[in-house]
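Here is the structure we will look at.
Residue numbers (full-length UniProt numbering), protein chains in the order written: chain A, 1 to 281; chain B, 1 to 281; chain C, 1 to 281; chain D, 1 to 281.
Listed below in structure tokens is the structure:
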């Protein structure tokens, strides 16, 4: 403990929180993972009326403990970082803040307590902790495949949305006065998306022969064009697969986070950040 | 302005409206895009009863402004074109007309106003403005893949429709008198399409054991044969992918439209239309 | 006409009915296609109560005309064939008979009339007339791919059914007494199939937390294993695709039917059947 | 019979029960298959109230016969095996026990009878008897492909679950008080899974515009990312396919089970187990 709080204590704690290549860093990641999962579980249980009625005070105390833990973590992340602003306004910085504030707000604002559920967003940190994206491709190839098809997928989604707007509008003209739920164009567009993606809730469903005919056309379109994203991704995968066979790439599990630009996948053996060139401590 | 209205003004305006390789042409495309999206938004908002009740007069005025803008655009497209007939009877020409007429008709015919929603069809012009199809393939390869599998996909769709007609008819014989919604063969065929494409609204669902057994068979068929269009498209994609690697193709973003045959993807550096050979102005 | 009814008239009519390489044969196929589609349309319209009430006598007469045409075709197919038994007991022979009998039966048996709908099965002849399967692959490669994955697909379907039986049974134990529709094991298995294939009617849906948890597991399994048939078929397609590039195969549109074994895709220039070796007339 | 019960009777019966390369072994497998399928059918029929009311005593007797047959089989499997403990605590050993006990328990415990349905788990033995996994790949390649994509699929499933937890929580905040079924976070997460996997029961469906907008986003995500597992599996299949072409592998249908480690796919010509090295009798 003494050693931890000498003049280099900030750097030491920084390494524990942001890096994962020391025993202490790994332990921190593991504990954080467990606390996040516990907090999600608590929020879930609290939202179930029958459970909340029975164990309200227990759940409340447990939530306060987790809120305080998250607050300490947040403060440490801010003060040990050499550029706190960057962290505070980064994606994860905002989420980390959002997962502590609602509990404090519940003192002043009645009803704000339910926003504690925003804590679920911290689940995304699991991706960073477990470096899931890395496992996914077992190398960078998977991400490369997705990045290569990015434009195509975006265009495909626009295409789907435009089709849904057009067909939803036409359905509104056909079914609008039939009392079958097509009460406005946005609702009809919602229905078209529900149908084209083959989800099909059935809360809105056509009743006129013409409406059912058009619905059938939308379904068959949706059933057919699902092949397009699959084709895009598969072709990319297959071509990445071939590259994979040729070049052997090392899987890096231990990483550091750059203090300057917050890049989190710096190799543990790196001396300088590969993005901004800052020295890695 | 003076220069715009000299004796060559038709050619000048033609270039602005139909081409996209001058600053003015690009600006026109952008404004058109914004106006189309605004018009869709207006039509959508108007269809929501609660919003229409509140802002009826504002929405009405905004719609008149857009109708007049669309009318001016339509007239300019007709008079600047050297072959107006071709434009008027072309796919986009009909849609452009359909998006202005209903508003004028609403003076004379009560109820025709809701046809303003046909304006949603103008969304398709987005494909032309953004040249989405081009982005999709990042070259012509994507379209080539789709065109190559065109016949196969058409046959697959016929196959699906025939299966649905047969199975729908059999379900009508089984479930017709059970009050479970299979009241006629067309409705049963509609149900078969809903089931085979895995949409599954649940507005019509079998209740007899035999009906549920046959429904299970249809579902498993639908679950299995979705692999067929995927397989077709993916195999084409993969084989196009290989071609893509070999030949490098230039992505052309700026295009002109031929005055004679209305081909819209003439290269901006072209002097003559590659389809009809007409001189490009 | 005279020439048609000389001593070789059977062979002549056989050629017209079973082959498609003469103008008369092609015309016969076209007429048959139109009559089949008309008969399906009639059966459909008749099943809609409002239409049947209005046009009952017209529909009835039209159906009798078609029934008589089908009967004449059936008789000609039988008597011109050198081995009538084979035709009568073949797949298409049975369907051809089933599409004429119900109408005659409706004289004696009240209620048997609705079986006229079995005529929809004649739609399958469209596959033979249009040689759709041929177009599908534009060569035999598509069918080869399907045949090559036949065993794998059968095993996959068995696998899906076994999973559904097991999970349906477990759901019956969990949700059986909750009044949520899981009233018997067969119904629960039906529900499991509806869920696994991502159809999801919602006529039966779990209400207990444990049931909803298990349902989620089934959904994610179903969402994941849809990749398996797709993977199988696509891999086959892709490998057939490569073969396709190497060997050029001629598309044969005109075919004859062997009189002995009823094989229908005998090349029009063939002198002997490639299946049974019989002489082609 | 005499020969069967000499001093080597245990080995003889072991060979019949565990191996499938003798006529007696094959017959045993076939009979077992039929008895398992019959037992499933009985359990199913019994769960249907109308059938159980009519044939209760018949079904009860038939179930006792099967329970006794399963008990004899279980005892023989235990006593003929040289390491009974391994069998008793193996996966199939536990299932075999679970499919006999509930019937005996029904003497003492009222209500335990419905657990007889656990017998459905014995269906899994079909995989072993028919060696389905083997057919699936027609060699080990299919399993290799699945094993190779194991990690990727697990990560993909985690990814889907995390997205569903986050989006379900957000939907609970939006729709929680609207009476549309989002009564707690676990239920909302269940809904998110139902939607993302495109099942779409419709028992819970958003009613607010914001909720429907977010639902549309979830659907389009679900519709898009279904391409990911498909891409992974297909790429693996395709690369296995190529390997398959190069190396010819023999399909082994007849197998033995090792007495020591219970490995069931020992080649019938093997003298020693390829896993533990024990001699195969």
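Note that beta-carbon positions come from the ideal geometry of N, C-alpha and C, so glycine has one too.
Computed from a prediction, not measured in an experiment: that's the story for all the values here.
Nearest to residue 63 of chain D by C-alpha distance, out of D:113, D:79 and D:33, is D:113. In the DSSP assignment, residue 158 of chain A falls within the alpha helix (DSSP H) that extends over 150-175. Under the 8 Å criterion on CB atoms, residue 40 of chain A is classed as interfacial with respect to chain D. In this structure, residue 22 of chain D sits away from residue 198 of chain B, with a CB-CB distance that is not shorter than 8 Å.
Neighbours of residue 173 of chain A in chain B, taken as residues at a C-beta separation under 9 Å, are given in chain order as 114, 115, 117 and 118.
Listed along chain D, the residues sitting closer than 7 Å to residue 198 of chain A by beta-carbon distance are 198.
The DSSP-derived three-state label of residue 202 of chain C is coil. Where residue 58 of chain A is concerned, the enclosing alpha helix (DSSP H) starts and stops at 49-80. One alpha carbon belongs to residue 98 of chain C, the other to residue 66 of chain C, and they sit about 13 Å apart. Legend: CB atoms of the stretch 184-198 of chain D lying less than 7 Å from CB atoms of chain A belong to residues 184, 185, 186, 195 and 198.
Residue 234 of chain A counts as buried, since no fewer than 16 other beta carbons sit within 10 angstroms of its beta carbon. At a Cβ-Cβ threshold of 8 Å, residue 215 of chain C and residue 195 of chain C count as neighbours. In this structure, the beta-carbon distance from residue 228 of chain A to residue 127 of chain A does not fall below 8 Å. Looking only at C:33, C:236, C:177 and C:68, the smallest Cα-Cα distance to residue 104 of chain C is reached by C:68. Look at residue 93 of chain C: its C-beta is not under 8 Å from any C-beta on chain D. For the options A:201, A:209, A:110 and A:175, the alpha carbon positioned closest to that of residue 206 of chain D is the one of A:201. Where residue 192 of chain D is concerned, the enclosing alpha helix (DSSP H) starts and stops at 185-196. Between the C-alpha atoms of residue 59 of chain A and residue 53 of chain A there is a straight-line separation of about 10 Å. The beta carbon of residue 96 of chain D sits closer than 6 Å to those of 74, all from its chain and outside the five residues before and after it, given in chain order. With a contact defined as Cβ atoms closer than 8 Å, residue 174 of chain D and residue 210 of chain D qualify at about 5 Å. Using a 10 angstroms sphere on the CB of residue 85 of chain D, the tally of other CB atoms stays under 16, which defines it as exposed. Of B:177, B:9, B:222 and B:238, the smallest CA-CA separation from residue 81 of chain B is found for B:9. For residue 226 of chain C, there is no enclosing alpha helix (DSSP H), as DSSP marks it with neither H nor E. Around the Cβ of residue 110 of chain B, a 10 Å sphere holds fewer than 16 other Cβ atoms; the residue is exposed. A Cβ of chain D is located within less than 8 Å of the beta carbon of residue 230 of chain C. In the three-state scheme derived from DSSP, where H, G and I count as helix and E and B as strand, residue 39 of chain A is classed as helix.
Annotation: residue 124 of chain D to residue 34 of chain D spans about 14 Å, alpha carbon to alpha carbon.
Judged by DSSP secondary structure, residue 88 of chain C falls within the alpha helix (DSSP H) whose first and last residues are 84-88.
By alpha-carbon distance to residue 151 of chain C, the top candidate from C:232, C:30 and C:185 is C:232. Within the model, the alpha-carbon separation for residue 190 of chain A versus residue 116 of chain B is close to 20 Å. Going by DSSP, residue 97 of chain D is part of the alpha helix (DSSP H) stretching over 91-98. Looking from the CA of residue 170 of chain C, the closest CA among D:16, D:121, D:166 and D:20 belongs to D:121. A:55 is the residue among A:76, A:55 and A:30 whose C-alpha sits nearest the C-alpha of residue 42 of chain A. Around the beta carbon of residue 27 of chain A, fewer than 16 other beta carbons lie within 10 angstroms, which makes this residue exposed. For residue 74 of chain B, no chain A residue has a Cβ inside 8 Å of its Cβ, as the nearest lies near 20 Å away.
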